[in-house]
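In my numbering, the protein residues as written are 215 to 569. Beta carbons are placed, not taken as given, at the ideal position from N, Cα and C, and that holds for glycine. Bear in mind the structure is a predicted one, so any value in this text is a computation, not a measurement. Report on one structure; see the data block that follows.
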């Protein structure tokens, strides 16, 4: 049991550190995540449409009439937009006879639309980490170029940072990097490629650079919405190159009431001669507007050449948005952990307030 005590810290980090997009809604509406978010790759700050209109009409269980929506204005001026995310957790671990409240997140966002095609964004968290970047929409095919410090485009960027394709691989909390990125968004396609330092520090410590690339295609077949994406990350380090790659996909059925999301990733660490694998699979069903039930499966193998050491997690949660600025999410997580040879269950209640 003592081996499990450090895991309560993992449990504390168990929901959603600095905010990301819900890729489920991108799949439901078959739209790019930047429909509602300031960042071209989604996540973090919501734009005026996302926080003022979408949250109150499409997200909330109690839908507001149009005349009520205008009473909330996230704009402090014609060109300055603010936003925030706060998450308070209650975590209960019966096997450890331990429970705790924890203020998981407190993010403040600011975006300045300095010209019709250029904006500057600053995102700052309560504890550590920040994003700052400038984005110019000057390229053809609805394309953009941005530079600064931000999270490279890869996979679905699940809102739960403890998803194994994030936490167990290369995208744990505050996994921001400094560099530049270009992207193109023609009809039904999203394409991004960027070059970064490949290090968490302020300056690169070698001549090597990291490259991130992502391509997604969306289509409809016989009433079904389908999406298929592929991502690639390569970091040329002095200690040995790292390659990570894998597909991501979604299926939208039953007029958007049923959403399936999946991602598989392989990581090849040339320095340690180790190959890792992780996957996150999610099936969500909308009971009614503002109420979803979701089942998730996560799997991580830290060395595919070994027969032991893998971890599996099964999660069941209810996602309830009573109003456009509040999310209540109780969840149960069932772990099968070969590393400590233990099975255990953790309950988490999330209170998420945002705009």
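Where does residue 406 land, buried or exposed, given buried means 16+ other C-beta within 10 angstroms?
Stepping through the chain shown from its first residue, residue 406 is reached at position 192. Burial is judged here by how many other beta carbons sit within 10 angstroms of a residue's own beta carbon; residue 406 has at least 16 and is buried.
Helix, strand or coil for residue 443 per DSSP?
On the chain shown, residue 443 is found 229 positions in, with the first residue counted as 1. In this structure, DSSP gives residue 443 an extended state, which the three-state scheme calls strand.
I'd like the list of long-range same chain contacts for residue 462, defined as Cβ closer than 6 Å, with 5 residues on each side in sequence excluded.
Position 248 of the chain shown, counting from 1, holds the residue named residue 462. Excluding sequence positions up to five before and after residue 462, its CB lies within less than 6 Å of the CB of 369, 370, 443, 477, all in the same chain and listed in chain order.
For residue 521: DSSP bridge partner residues:
By one-based count along the chain shown, residue 521 stands at place 307. DSSP links residue 521 through a beta bridge to no other residue.
Continuous beta strand (DSSP E) assignments of at least 3 residues falling wholly in the region 274–357
Note on the region 274–357: whole beta strand (DSSP E) runs with a minimum of 3 residues are 294–307, 312–329, 332–338, 344–353, in chain order.
So, residue 552 versus residue 522, is the Cβ gap smaller than 7 Å?
As a working mapping, residue 552 is identified with position 338 in the chain shown. As a working mapping, residue 522 is identified with position 308 in the chain shown. A contact, by the Cβ cut-off of 7 Å.
How long is the line joining the alpha carbons of residue 323 and residue 520, rounded to whole angstroms?
For the purposes of this step, residue 323 is taken as residue 109 along the chain shown, with counting starting at 1. For the purposes of this step, residue 520 is taken as residue 306 along the chain shown, with counting starting at 1. Roughly 44 Å between the two C-alpha positions.
With DSSP run on the structure shown, which of helix, strand or coil describes residue 234?
Here residue 234 refers to the residue found at position 20 when the chain shown is read from its first residue. Caution applies to residue 234, whose pLDDT of 48 falls short of 50 and renders its modelled position unreliable; the value that the coordinates give is listed next. Collapsing the DSSP output to three states places residue 234 in coil.
In chain order, what residues of the same chain have a beta carbon less than 6 Å from the beta carbon of residue 543, not counting five sequence neighbours either side?
Position 329 of the chain shown, counted from the start, is the residue given in the question as residue 543. Closer than 6 Å at the Cβ level, and outside the excluded window around residue 543, lie 531, 533, 564.
Can you grab the Cα-Cα spacing for the pair residue 500 / residue 380, in whole Å?
Numbered from 1 along the chain shown, position 286 holds the residue referred to as residue 500. Numbered from 1 along the chain shown, position 166 holds the residue referred to as residue 380. Distance between the alpha carbons of residue 500 and residue 380 is about 25 Å.
Using 8 Å as the threshold, is the region 301–316 in touch with the region 279–289, meaning 3 or more CB pairs across them?
Flag = no, the region 301–316 and the region 279–289 do not touch.
Compute the beta-carbon to beta-carbon distance between residue 256 and residue 248, rounded to the nearest angstrom, for a pair I have assumed lies under 8 Å.
Against the chain shown, residue 256 aligns to sequence position 42. Against the chain shown, residue 248 aligns to sequence position 34. Sure, about 6 Å apart at Cβ, within 8 Å.
Rounded separation between residue 541 and residue 452 - CA only
Working through the chain shown from its first residue, we reach residue 541 at position 327. Working through the chain shown from its first residue, we reach residue 452 at position 238. Those two C-alpha atoms are separated by around 44 Å.
Under 8 Å Cβ to Cβ from residue 348, same chain only, skipping five residues before and after it: list those, please.
Numbered from 1 along the chain shown, position 134 holds the residue referred to as residue 348. These residues qualify, in order along the chain: 332, 333, 334, 335, 360, 361, 362.
From 382, 262, 498, 273, pick the residue whose C-alpha is nearest to that of residue 326; which is it?
In the chain shown, residue 326 corresponds to position 112, counting from 1. It is 262 whose Cα lies nearest to the Cα of residue 326.
Starting from residue 379, trace the alpha helix (DSSP H) both ways and give me its first and last residue.
Looking up residue 379 in the chain shown gives position 165. Looking at the DSSP string, the run of the alpha helix (DSSP H) that includes residue 379 is 378–381.
Following the continuous beta strand (DSSP E) through residue 540, name the residue where it begins and the one where it ends.
Counting from one through the chain shown, the residue named residue 540 turns up at place 326. Residue 540 -> beta strand (DSSP E) spans 540–551.
Please confirm whether residue 241 and residue 396 have their CB atoms less than 7 Å apart.
Position 27 of the chain shown, counted from the first residue, corresponds to residue 241. Position 182 of the chain shown, counted from the first residue, corresponds to residue 396. Not closer than 7 Å, so no.
C-alpha distance - residue 227 paired with residue 340, whole-angstrom precision:
Residue numbering aside, residue 227 sits at position 13 when the chain shown is read from its first letter. Residue numbering aside, residue 340 sits at position 126 when the chain shown is read from its first letter. Any reading at residue 227 needs caution, since the residue's pLDDT is 37, under 50, leaving its predicted position unreliable; the model's value is listed next. Those two C-alpha atoms are separated by around 14 Å.
Taking residue 377 and residue 515 to be in contact with their CB atoms under 8 Å, please state how far apart those CB atoms are, rounded to whole angstroms.
Looking up residue 377 in the chain shown gives position 163. Looking up residue 515 in the chain shown gives position 301. Going by Cβ atoms, the distance from residue 377 to residue 515 rounds to 15 Å, so no, they are not a contact pair.
Hey, how far is the Cα of residue 342 from the Cα of residue 304?
By 1-based counting over the chain shown, the position of residue 342 is 128. By 1-based counting over the chain shown, the position of residue 304 is 90. If you draw a straight line from the Cα of residue 342 to the Cα of residue 304, it comes to about 21 Å.
By DSSP's criteria, residue 394 is part of a beta bridge. Which residues make up the other side?
By one-based count along the chain shown, residue 394 stands at place 180. Answer is 361, 409, bridged to residue 394.
Pairwise C-alpha distance: residue 253 and residue 245:
Here residue 245 is taken as the residue at index 31 of the chain shown, counted from 1. Here residue 253 is taken as the residue at index 39 of the chain shown, counted from 1. So the alpha carbons of these two residues sit roughly 14 Å apart.
For a test of the three-state rule: what should DSSP assign to residue 453, helix, strand or coil?
Stepping through the chain shown from its first residue, residue 453 is reached at position 239. The three-state reading of DSSP puts residue 453 in coil, since its state is none of H, G, I, E or B.
Alpha carbon of residue 441 to alpha carbon of residue 412, nearest angstrom:
Position 227 of the chain shown, counted from the start, is the residue given in the question as residue 441. Position 198 of the chain shown, counted from the start, is the residue given in the question as residue 412. If you take the alpha carbons of residue 441 and residue 412, they lie about 28 Å apart.
Assigned secondary structure, residue 430 (DSSP; H/G/I helix, E/B strand, else coil)
Taking the first residue of the chain shown as 1, we reach residue 430 at position 216. In the three-state DSSP reduction, residue 430 falls in the strand class (E or B).
Buried or exposed (CB count within 10 angstroms, at least 16 for buried), residue 546
Walking along the chain shown from the start, residue 546 turns up at place 332. Residue 546 counts as exposed, since fewer than 16 other beta carbons sit within 10 angstroms of its beta carbon.
Endpoints, the beta strand (DSSP E) within which residue 244 is located
Here residue 244 corresponds to residue number 30 of the chain shown, with the count starting at 1. First-last for residue 244: undefined, no H or E at that position.
Own chain, CB closer than 6 Å to residue 518, minus 5 neighbours either side, in chain order:
The sequence position of residue 518 within the chain shown is 304, counting from 1. If we look at residue 518 and ignore the five residues flanking it on each side, its Cβ neighbours are 489, 491.
Coarse secondary structure for residue 470, derived from DSSP in three states
As a first step, residue 470 is located in the chain shown; it is residue number 256 there, counting from the start. DSSP places residue 470 in helix when its eight states are reduced to three.
The beta strand (DSSP E) spanning residue 493 covers which residue range?
As a working note, residue 493 is residue 279 in the chain shown. Counting along the chain, the beta strand (DSSP E) containing residue 493 begins and ends at 488–502.
By Cβ distance below 6 Å, which residues in the same chain neighbour residue 495 in space, the five residues on each side in sequence not counted?
Reading the chain shown from its first residue, position 281 is the one you call residue 495. Sequence-distant partners of residue 495 (beyond 5 residues in either direction) whose C-beta falls short of 6 Å from its own C-beta, in its chain, are 476, 511.
Using 7 Å as the threshold, is the C-beta distance between residue 469 and residue 275 below it?
The residue you call residue 469 lines up with position 255 of the chain shown. The residue you call residue 275 lines up with position 61 of the chain shown. In this structure, residue 275 does not lie closer than 7 Å to residue 469 by Cβ.
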